[in-house]
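Report on the structure given below.
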Amino acid sequence: MADPRAVVADEFTKETGLAIDPTRLRAHQARQVAVTLSTHRSRLFSFQLNAAELDELRSDVAAQGATAESERTYVEIARFGDLPTSATVDWNTLGAITQVLLANESRAAVDASEL
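Just add 252 to the spot in the sequence shown (first one is 1) and you have my numbering.
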């Protein structure tokens with residue numbers, strides 16, 4: 253079985269055009285995607301972009317994805333505070349983003365308490 257971080261990094265690269273090191277990925281809690289409809293579970297990973305990577309994503313407007321399979325993806329960058337009132341993401345994605353941000357906030361609080 254393939255290392256989940258390597259699979260996620262490879263998929264991220266295919267869909268954005270930006271290559272990342274799998275060791276940068278942080279695993280979060282796996283959850284059911286639609287509890288009342290399916291037992292399917294989704295794994296969640298995150299990493300922090302640096303300024304150069306963010307600039308690269310902003311400047312590349314070309315379609316990404318597995319074009320041989322007719323998959324086309326485009327990177328969209330948005331502020332978290334704008335997401336709840338936009339139609340950019342679904343509830344599932346908004347919840348996943350919130351989970352990552354809350355986990356980072358909790359980790360920062362722990363780090364600060366150790367000072």
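Ideal Cβ positions, reconstructed from N, Cα and C, are used throughout, including at glycine.
{"query": "Excluding sequence positions up to five away, which residues of its chain have a Cβ less than 7 Å from the Cβ of Arg-276?", "result": "Phe-299"}
{"query": "Does Val-362 pass the burial test, meaning 16 or more other C-beta atoms within 10 Å, or should it be called exposed?", "result": "Any reading at Val-362 must be qualified, since the residue scores a pLDDT of 48, below 50, and its modelled position is unreliable; the value itself is stated next. Exposed."}
{"query": "Whose C-alpha, out of Ala-315, Ser-290, Thr-350, Ala-330, is nearest the C-alpha of Lys-266?", "result": "Ala-315"}
{"query": "Do the region 325-339 and the region 306-315 meet, that is, are 3 or more Cβ pairs less than 8 Å apart?", "result": "yes"}
{"query": "Going by C-alpha distance, which of Ala-355, Thr-291, Val-341 is nearest Ala-330?", "result": "Val-341"}
{"query": "Using the DSSP secondary-structure output, state which residues sit across from Gln-284 in a beta bridge.", "result": "Arg-293"}
{"query": "Which residue from Leu-354, Asn-344, Leu-309 puts its Cα closest to that of Val-287?", "result": "Asn-344"}
{"query": "Would you tell me roughly how many angstroms separate the C-alpha atoms of Thr-319 and Asp-262, rounded to the nearest one?", "result": "15 Å"}
{"query": "What's the gap between the Cα of Ala-271 and the Cα of Arg-295?", "result": "20 Å"}
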